[in-house]
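Number of protein chains: 2
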Amino acid sequence: MSTEPGTRRRGVAETTAAIESAAIDLVIEHGYDQVTVDMICQAAGISQRTFFNHFKTKDAALLGTDEPAIDQQAAREFIVSDGPLLAEAAGLVRIEPDRLPADPSLIVRRIDAVSQNPMLLARQMERLTAIEDELRQIIALRLRQDAIKAGADDAELADLPEQAEIITHLLAGLMRYVGLSWARRAGDGTPPPIDAGHLTERLGRVIRKLG
Amino acid sequence: MSTEPGTRRRGVAETTAAIESAAIDLVIEHGYDQVTVDMICQAAGISQRTFFNHFKTKDAALLGTDEPAIDQQAAREFIVSDGPLLAEAAGLVRIEPDRLPADPSLIVRRIDAVSQNPMLLARQMERLTAIEDELRQIIALRLRQDAIKAGADDAELADLPEQAEIITHLLAGLMRYVGLSWARRAGDGTPPPIDAGHLTERLGRVIRKLG
DNA sequence: AGTCACTGTTGCAGTCACTGCACTTAATCC
DNA sequence: GGATTAAGTGCAGTGACTGCAACAGTGACT
Chain A
1 MSTEPGTRRR GVAETTAAIE SAAIDLVIEH GYDQVTVDMI CQAAGISQRT FFNHFKTKDA
61 ALLGTDEPAI DQQAAREFIV SDGPLLAEAA GLVRIEPDRL PADPSLIVRR IDAVSQNPML
121 LARQMERLTA IEDELRQIIA LRLRQDAIKA GADDAELADL PEQAEIITHL LAGLMRYVGL
181 SWARRAGDGT PPPIDAGHLT ERLGRVIRKL G
Chain B
1 MSTEPGTRRR GVAETTAAIE SAAIDLVIEH GYDQVTVDMI CQAAGISQRT FFNHFKTKDA
61 ALLGTDEPAI DQQAAREFIV SDGPLLAEAA GLVRIEPDRL PADPSLIVRR IDAVSQNPML
121 LARQMERLTA IEDELRQIIA LRLRQDAIKA GADDAELADL PEQAEIITHL LAGLMRYVGL
181 SWARRAGDGT PPPIDAGHLT ERLGRVIRKL G
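One line per chain: the protein sequences are A and B, in this order.
If you count the first sequence from 1, position 152 lands on 152 in UniProt numbering, and the numbers rise without skipping.
If you count the second sequence from 1, position 28 lands on 28 in UniProt numbering, and the numbers rise without skipping.
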């Protein structure tokens, strides 16, 4: 009896992927509010309890397991770099490559579903706040580096933490733009890599106008 | 028998304010997760059903009824202004004065509670997205004004909407900072007015470092 | 005084998201 | 072949939230 005589037997990754895929498809078809966890479970062929063993919340299943994180190597380079601060900082946050879903179309479907839904968008923002502390510290280090190079006095150095905080908040807003514009460019095909050069150039033009 | 012989009699505003105040205090004391709607109801002296007649969700009670909105008069001045773009734009978003709670300390307590909690922060962000479209259009007008003054060519003008979008996202991040630092400065006393000059000066120093 | 509409409030029953605990079954290791 | 572990399940319970029906004051009209 190899055909599911009760408890399914598959790897964690497979089940997780099945849940994610089923959840996204259902939300795209019926809308976020109309989809219950029970429906997702039925579509994925599992029990509700198993669903919550794989995902902490319904939203988590829709956002997926690929959380944004700071690229530590890039962060070390960032601190001592001379390049444009904001554009470079935006490049620090990436999705861990080993957590990317096996099915690439899932990402596009997900962005489609998430961008339609304010609730999910808010949750996605919430994820970013998790790494904001880390980000602020890295930016503070970079500011310190820059200030020392420029021969700053003590009063200026003392103000850097506050400045780092402002920049971190600006960056949080910027990252939302990066995500959105990337999704927009992806359309319904395979997502293209983020164009760092393009972002840098455009940001440069924008920043000059802010002051 | 004037003392609550069953159904309380007070205006909507009074009950709403009582709920908000009780909710905030409980969250500050016990933390978001530890506070149930039932607890809030008990503290405010109402039934659960009444709670949900006043607020759609538990989060809504904590965020309050005073939603941020754009000051239209200020917006008109902003479009033709020569001042620092980002700092001035941050001043456009205000809480409608007639929706301010009677008890001024409530705002400070609320920001305190909200800033502690990622869940609530996300919800607050969600509210801001409601006015982001409007904000983007205003910024686009200002950019156009500036560009024409500077004698920009068609290619530059065509890029302005995209730039406006980036700035709007940066601004969304900045507003979070403004709220936080304002609450921090308020401490536990009466909230002081936001110091526009201070913000402008500090932002100017920061923006120079972004490029 | 009697009726009427309105407002603020309530209880109750039910759905949905989510959790803790105890338990089964299938694969794996020794 | 028995012990261990990984994946999954059932169940009972909590907390957020909704729809429905009802009830009590408040004022207004007659």
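No residue lacks a Cβ here, since even glycine has one placed at the ideal position from N, Cα and C.
None of the values given here were measured: they were computed from a predicted structure.
Environment of residue i [buried if 16+ CB atoms lie within 10 Å]
i, result
"Glu14/A", "exposed"
"Leu157/A", "exposed"
"Val93/B", "buried"
"Ile46/B", "buried"
"Ile148/A", "exposed"
"Gly179/B", "buried"
"Val27/B", "buried"
"Thr57/B", "exposed"
"Pro5/A", "The predicted model places Pro5/A with a pLDDT of 43, which falls under 50 and marks its position as unreliable; any figure quoted below should be read in that light. By the 10 Å Cβ count, Pro5/A comes out exposed."
Among the options, nearest to residue i - alpha-carbon criterion
i, options, result
"Ile107/B", "Phe78/B, Ala22/B, Ser47/B and Ala150/B", "Ala22/B"
"Gly204/B", "Ala61/A, Lys209/A, Leu203/A and Thr200/A", "Lys209/A"
"Glu132/A", "Leu170/A, Ala113/A, Arg144/A and Ile148/A", "Leu170/A"
"Ile166/B", "Asp154/A, Glu201/A and Gln124/A", "Glu201/A"
"Asp146/A", "Thr50/A, Ile40/A, Gly83/A and Val35/A", "Gly83/A"
"Thr36/B", "Asp103/B, Ile139/B, Ala61/B and Asn53/B", "Ala61/B"
"Ala43/A", "His198/A, Met175/A, His54/A and Ile24/A", "Ile24/A"
"Met125/A", "Met175/A, Ala113/A and Ala155/A", "Met175/A"
"residue 212/A", "Asp103/A, Asp112/A, Gln72/A and Tyr177/A", "Because residue 212/A is not part of the residues shown, which for chain A are 1 to 211, the question remains open."
Within 9 Å, strictly: CB atoms of residue i and residue j
i, j, result
"Thr168/B", "Leu121/A", "no"
"Tyr32/B", "Gln163/B", "no"
"Gly211/A", "Ile207/B", "yes"
"Gly91/B", "Ala172/B", "no"
"Arg136/B", "Asp59/B", "no"
"Asp154/B", "Ala17/B", "no"
Under 9 Å by beta carbon: chain B residues contacting residue i
i, result
"Arg185/A", "The contacting residues do not exist; Arg185/A stays about 12 Å from chain B at best."
"Leu157/A", "Near Leu157/A there are no residues of chain B at all, since even the closest Cβ is about 13 Å away, more than 9 Å."
Own chain, CB closer than 7 Å to residue i, minus 5 neighbours either side, in chain order
i, result
"residue 212/A", "With chain A covering only 1 through 211, there is no way to say anything about residue 212/A."
"Arg10/A", "none"
"Ser81/A", "Glu88"
"Arg142/A", "Phe78, Ile79 and Leu85"
"Ala140/A", "Leu160, Pro161 and Ala164"
"Thr3/B", "Per-residue confidence for Thr3/B stands at a pLDDT of 35, beneath the threshold of 50, marking its modelled position as unreliable; no derived number is given."
"Glu134/B", "Ile70"
"Asp112/B", "Ile28 and Ala183"
Same chain, Cβ closer than 6 Å to residue i, five either side skipped, listed in chain order
i, result
"Met1/A", "Its pLDDT being 35, under 50, Met1/A is placed unreliably by the model, and nothing is read from it."
"Phe55/B", "Ala61"
Residues that residue i contacts on chain B, provided the C-beta gap is smaller than 8 Å
i, result
"Arg99/A", "Per Cβ cutoff of 8 Å: no residues; Arg99/A is ~21 Å from chain B at best."
"Ile166/A", "Leu174, Tyr177, Arg202, Leu203 and Val206"
Sequence-distant residues of its chain with Cβ nearer than 8 Å to residue i (five each side left out)
i, result
"Glu67/B", "Ile95, Glu96, Arg99, Arg127 and Ala130"
"Arg144/B", "Leu157 and Leu160"
"residue 229/B", "With chain B running from 1 to 211 in the structure shown, residue 229/B is simply not present."
"Val114/B", "Leu62, Leu63, Leu120, Leu121 and Gln124"
Neighbouring residues, chain A, relative to residue i (Cβ below 8 Å)
i, result
"Ile207/B", "Ile207, Leu210 and Gly211"
"Gln163/B", "Arg202, Arg205, Val206 and Lys209"
Listed by chain order, chain A residues near residue i by CB distance under 7 Å
i, result
"Gln129/B", "The displayed chain sequence assigns Thr, not Gln, to residue 129/B. Those are Pro118, listed as they occur along chain A."
"residue 212/B", "Coverage of chain B is limited to positions 1 through 211, which leaves residue 212/B absent and any answer about it impossible."
"Glu126/B", "Pro118 and Ala122"
"Glu20/B", "Correct list: empty, because the minimum Cβ distance to chain A is about 21 Å."
"residue 233/B", "An answer regarding residue 233/B cannot be provided, because it is not within the stretch 1 to 211 covered by chain B."
"Pro68/B", "None at all; the shortest Cβ gap to chain A is about 15 Å."
"Leu62/B", "Residues of chain A passing the Cβ test: none, with the nearest at roughly 15 Å."
Where residue i meets chain B, residues with beta-carbon distance less than 7 Å
i, result
"Asp133/A", "Correct list: empty, because the minimum Cβ distance to chain B is about 11 Å."
Beta-carbon neighbours of residue i, restricted to chain A and to distances below 9 Å
i, result
"Asp146/B", "Lys209"
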